[in-house]
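Before any comments, here is the structure.
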Amino acid sequence: MRRLVIGAALAVTLGTAAAGCGSSGDKPRTTPQAAWAAKVCSSIGLNEAVRLPAVTEDAKAYKANIAAFLAQLARRMDTMEAGLKKAGVPPVSDGQATYDAALTKLEGAKTVLNQVRTKLNTTKVTDTKSLRSALAGLSQQVLASVSYTGPRDDLRRNPALTTAFDTVPACQVKKS
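With mature numbering (1 follows the signal peptide of the UniProt record, and there is no 0) as the guide, the letters of the sequence shown map in order to residues -19 to -1, 1 to 157.
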């Protein structure tokens, strides 16, 4: 009986020790796609807040607030472009085409934004009526690019990258 108890205790001890050597304590393996996605998401400012322009009754001040907002968006797009270029082509099938499409859409959105900024900056605003007129003229350009959601969404069109973006914590959009 004593041998049976000792044998059972030894088996439990060895089994517990062997169980502790399993892969549960090992670091999870990161795929090249997930590593690339993490690099992109951490460099494009995915969860950076964008402050909307403060509304004011003073038309000149409001124009300045809108101009500052557009400048903030331009800086954010520059950051996205630099981050995407630094990450390079994703290690997936059709990676070059996916990358080129995302970069082209980003550059197109930047072009429209910069055109709007230039027009706003050169528009003379003296009162609310002139501000409304200026904004109405710019609204068509803004509406054309308002559907742009950023390179992350463009890159997710590649199924392998969708999976990578879904598994990387840095790529999760924080809800506020």
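Think of the CB as a built atom: it goes at the ideal place given N, C-alpha and C, for glycine as much as any other residue.
- The Cβ atoms of T79 and P71 sit closer than 8 Å to each other.
- In this chain, C152 is not harboured by any alpha helix (DSSP H), its DSSP state being neither H nor E.
- Note that the C-beta distance between F146 and A18 is below 8 Å.
- Of the other Cβ atoms in all chains shown, 16 or more fall within 10 Å of the Cβ of L136; this residue is therefore buried.
- Counting only residues of its own chain and dropping the five nearest sequence neighbours on each side, A68 has a CB closer than 7 Å to the CB of W17, K20, V21, S24.
- E62: member of the alpha helix (DSSP H) spanning 40 to 68, first to last residue.
- The shortest CA-to-CA distance from T85 to any of M58, K155, L33, S120 is the one to M58.
- Looking at the backbone, the Cα of T37 and that of K110 are separated by about 14 Å.
- Residue state for G89 is assigned as helix, using DSSP reduced to three classes.
- DSSP places K100 within a helical segment (H, G or I) once states are collapsed to three.
- Between Q14 and A141, the C-beta spacing is below 8 Å.
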